[in-house]
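Notes to accompany the following structure.
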Amino acid sequence: MSQSSFKNQNPEYKRILDETDDFGSDYLNVMEYGVSKIRDDILRLMAMAYSDMSNLFWKLGKYVKGVEYGKKPIVLFEDRGIFDVDFDFTFHVLGNNLLELKRHDEALCYFQRSIAISEKYKFYKNLSDSYMPLANFIDRLKTIR
Numbered sequence: 082m083s084q085s086s087f088k089n090q091n092p093e094y095k096r097i098l099d100e101t102d103d104f105g106s107d108y109l110n111v112m113e114y115g116v117s118k119i120r121d122d123i124l125r126l127m128a129m130a131y132s133d134m135s136n137l138f139w140k141l142g143k144y145v146k147g148v149e150y151g152k153k154p155i156v157l158f159e160d161r162g163i164f165d166v167d168f169d170f171t172f173h174v175l176g177n178n179l180l181e182l183k184r185h186d187e188a189l190c191y192f193q194r195s196i197a198i199s200e201k202y203k204f205y206k207n208l209s210d211s212y213m214p215l216a217n218f219i220d221r222l223k224t225i226r
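Residue numbers (this note's numbering): 82 to 226.
Structure below.
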């Protein structure tokens with residue numbers, strides 16, 4: 082009996098091959114999930130680091146750098162498709178930097194995005210943090226006019 086005939090006619094050999102195929106497929110699915118999860122975690126950490134640097138530059142009065150670093154995490158957060166408290170914070174900090182640079186329309190846009198996420202997911206601290214600079218900005222406008 083040739084080797085190929087043996088393989089085709091032996092039920093035990095076929096069963097082992099089927100189990101191996103199932104195991105291999107399951108193993109690869111687990112690996113794909115693991116790689117996807119690790120990628121997601123790395124993107125999240127990178128986005129949070131950029132956002133934190135933007136906040137630091139805002140506190141240091143380096144607003145141009147704050148805007149530069151504040152825009153980088155947006156794409157990373159959007160790629161993840163998860164609009165969480167950290168994504169919300171990114172918009173808030175970017176709005177703060179833009180407000181200091183007197184780029185009011187842009188700042189307003191980012192504050193509004195922060196507020197929308199805060200309201201949707203009930204991030205009340207972030208919500209109040211984003212409303213406070215807006216209130217100050219409105220007061221400044223009243224003084225100017």
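For glycine and all other residues, C-beta sits at the position ideal for the given N, C-alpha and C.
Report task. Please check the pair Leu-215 and Phe-192, which I expect to be a contact at CB under 8 Å, by giving their CB distance rounded to whole angstroms. Result -> Correct: roughly 5 Å between the Cβ atoms.
Requested in this report: Could you tell me the distance, in whole angstroms, from the CA atom of Arg-194 to the CA atom of Leu-109?
Outcome: Arg-194 and Leu-109 have their C-alpha atoms some 39 Å from each other.
Query raised in the report: Do the segment 131 to 144 and the segment 109 to 123 touch if we need at least three Cβ pairs shorter than 8 Å?
Result: The segment 131 to 144 is not in contact with the segment 109 to 123.
Requested in this report: Take the Cβ of Pro-92 as the centre, count every other Cβ of all protein chains shown within 10 Å, and call the residue buried at 16 or more, exposed below.
Outcome: With fewer than 16 other Cβ atoms within 10 Å, it is exposed.
Report task. Reducing DSSP to helix, strand and coil, say where Ile-198 ends up. Result -> Looking at Ile-198 - three-state DSSP - the assignment turns out to be helix.
Query raised in the report: Rounded C-beta distance between Leu-175 and Lys-153? I'm assuming under 8 Å.
Result: Between Lys-153 and Leu-175 the Cβ distance is about 10 Å, and since that is not below 8 Å, they are no contact.
Requested in this report: Classify Ser-106 as buried or exposed, calling it buried when 16 or more other Cβ atoms lie within 10 Å of its own Cβ.
Outcome: Its Cβ having fewer than 16 others within 10 Å, Ser-106 is exposed.
Query raised in the report: In chain order, what residues of the same chain lie with their CB nearer than 8 Å to the CB of Tyr-202, ignoring the 5 residues before and after it?
Result: A distance below 8 Å between beta-carbons, with the five flanking residues on each side excluded, links Tyr-202 to the following residues of its chain, in chain order: Phe-164, Asp-165, Val-166 and Asp-169.
Query raised in the report: Excluding sequence positions up to five away, which residues of its chain have a Cβ less than 6 Å from the Cβ of Gly-147?
Result: Excluding residues up to 5 positions away in sequence, Ser-135, Phe-138, Trp-139 and Asn-178 lie with their Cβ nearer than 6 Å to the Cβ of Gly-147 in the same chain.
Query raised in the report: Helix or strand or just coil, what does DSSP make of Met-82?
Result: Residue confidence for Met-82 is low, a pLDDT of 48 falling below 50, so the modelled location carries little weight and cannot support an answer.
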